[in-house]
Amino acid sequence: MSIESLIENYGLLAIFLGAAFEGETAAFLGGVISHRGLLPYWSASLAATAGSFAGDQLWFFAGRYAARWRLVQRLMEKPALARVTELLEKYPTGFILAFRFLVGLRTISPVVIGTTRIPTGKFVVLNAVAALVWGQLFTALGYLFGHGIEQILGHLSLHRHLLIAIAAAAVVAAAALAFRKMRPSAGHS
């Protein structure tokens, strides 16, 4: 089975699962793949949106109903907990809409939100809105990146196109982590 066949058959599932558990890279690659014509753009962006929504709902419910689980307790021990709690107390609605865009806060945030008194219905609605914006944004960025690479380097093989996209996503992720390490910690604000 060729990589093209794998993507055509399992690409949407991979984008969904990747967006649920990893995030931006999966949505970005979904955009690159849709630019190549292997998946429809709207299908890729909706898979990213649905995966992001489902993953964050899962973490929210873990915080709400499984706070004693070891995995949840480990997440609650992360240094980012103080920052998440501070932002959530100051800006509950804004934070729920924005956490998935904040480096280092994506996984812990819905867990922490689940441990609060924020109503489940409110989280579901805000999570859906934020996931829709996030899914469309990162899929569109991948699509535009795919177009830009093609304009600069010409039509590449799918393997090379994906390798360049993965390398670009890795560079962006490394830069975001470096930026996060350079910022003063939340306790020193």
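With the first letter of the sequence shown counted as 1, position 79 gets the number 65 in our numbering; the numbers rise by one all the way through.
For every residue, glycine included, the Cβ atom is placed at its ideal position computed from N, Cα and C.
Original post:
Which two residues bound the contiguous alpha helix (DSSP H) that contains Ser38?
Top reply: Position 52 of the sequence shown, counting from 1, holds the residue named residue 38. 27 to 51 is the extent of the alpha helix (DSSP H) around Ser38.
Item to complete: Mind checking which residues open and close the alpha helix (DSSP H) that includes Ile184?
Response: As shown, the chain starts at -13 and ends at 175. That puts residue 184 outside it, with no answer to give.
When the Cα of Met62 is compared with those of Gly49, Leu148, Leu74, which residue comes out closest?
Within the sequence shown, the letter at position 76 stands for residue 62. The shortest Cα separation from Met62 among Gly49, Leu148, Leu74 belongs to Gly49.
With a cut-off of 8 Å, does the C-beta of Leu118 fall near any C-beta of chain C? Absent here is chain C; the protein component of the structure consists of one chain.
Original post:
Is it the case that the Cβ atoms of Thr19 and Gly4 are separated by a distance below 8 Å?
Top reply: The residue you call residue 19 lines up with position 33 of the sequence shown. The residue you call residue 4 lines up with position 18 of the sequence shown. Residue identity check: residue 19 is Ile in the sequence provided, not Thr. No.
In whole angstroms, give me the CA-to-CA distance for Ala161 and Val89.
The count along the sequence shown starts at 1 and reaches residue 161 at position 175. The count along the sequence shown starts at 1 and reaches residue 89 at position 103. Distance between the alpha carbons of Ala161 and Val89: 11 Å.
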